[in-house]
Amino acid sequence: MQKNYEECLETILHHEGGYVNHPKDPGGETNLGVTKRVYEAYCERKDLKVKKMKSLKVKDVAPIYKEEYWDRLKGDDLPAGLDLCVFDFGVNAGTGRAAKYLQQMIGATPDGGIGPMTLKALQEYIDEIDNDKANEDAGLHQAITNYQEMRTNYYKKLGTFETFGRGWLRRVDETTSKAFGLI
819 MQKNYEECLE
829 TILHHEGGYV
839 NHPKDPGGET
849 NLGVTKRVYE
859 AYCERKDLKV
869 KKMKSLKVKD
879 VAPIYKEEYW
889 DRLKGDDLPA
899 GLDLCVFDFG
909 VNAGTGRAAK
919 YLQQMIGATP
929 DGGIGPMTLK
939 ALQEYIDEID
949 NDKANEDAGL
959 HQAITNYQEM
969 RTNYYKKLGT
979 FETFGRGWLR
989 RVDETTSKAF
999 GLI
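Quick note on this note's numbering: the sequence shown kicks off at 819 and runs consecutively.
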């Protein structure tokens, strides 16, 4: 599979923006999409000096995104385009949830960990759709569409949808368009 981490990270950072500390956001103090809790835990594990949240730069958070999200979700092993969708959802709603939604979609055991069995089931899911269509990328297009629909439904059920929903749905739409361009 392709290695799209840098391009996918650029999209994530576009959506995550800079420093925020919204009182209705359960993540609390956040910069470049990384919560203070995640940042401080990462620094402690890596024996790094903790900076003030407002002073974080991309170089400070990129390794966190790579290790805690992209690698955990097996981004390098996912098909181009779908890698972005799963990565983006993992950043926004947790890697376990992102993996479980993928697993549910493809009929794999939803254990929250993407491994060889999930990757095999995903390829079979895509191949089955491809066999029914004339377009060789039909399966991947459909997988992206289905995954993003599941994300949309997840967001609509959240109690904070009234506050953040428009932004989440715009993010899903923009990510979907970008994902199709990565195929």
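Quick reminder that beta carbons are idealized off the backbone N, C-alpha and C, glycines included.
Using a 10 angstroms sphere on the CB of Arg863, the tally of other CB atoms stays under 16, which defines it as exposed. Leu920 is the residue among Glu828, Leu920 and Lys869 whose C-alpha sits nearest the C-alpha of Glu967. Assignment of Thr970 by DSSP, reduced to helix, strand and coil, places it in the helix class. For the set Pro934, Gly930, Ala939 and Asn910, the Cα lying nearest the Cα of Val990 is the one of Asn910.
Residues of the same chain with a CB within less than 7 Å of the CB of Asp948, apart from the 5 flanking positions on each side, are Glu954, Ala956 and Gly957 in chain order.
Looking at the DSSP output, Val852 shares a beta bridge with Asn849. About 4 Å separates the beta carbon of Leu1000 from that of Gly899, a gap short enough to meet the 8 Å contact definition. Glu946 and Val838 have their alpha carbons spaced roughly 43 Å apart. Restricting attention to Gly930, Glu992 and Met923, the CA atom closest to the CA of Arg915 is found in Gly930. Sorting Asn822, Asn849, Pro897 and Ile882 by C-alpha distance to the C-alpha of Ala859 places Ile882 at the top.
Separation of Lys821 and Asp894 (C-alpha to C-alpha, rounded to the nearest whole angstrom) is 5 Å. Every alpha helix (DSSP H) of 4 residues or more that sits fully in the segment 928–992 is shown, in chain order, as 934–950 and 956–974. Excluding the 5 residues flanking it on each side, His832 has no same chain C-beta neighbour closer than 7 Å. In the DSSP annotation of this structure, Val868 is not part of any alpha helix (DSSP H), being labelled neither H nor E. One thing to note: Lys892 has its Cβ within 8 Å of the Cβ of Leu937.
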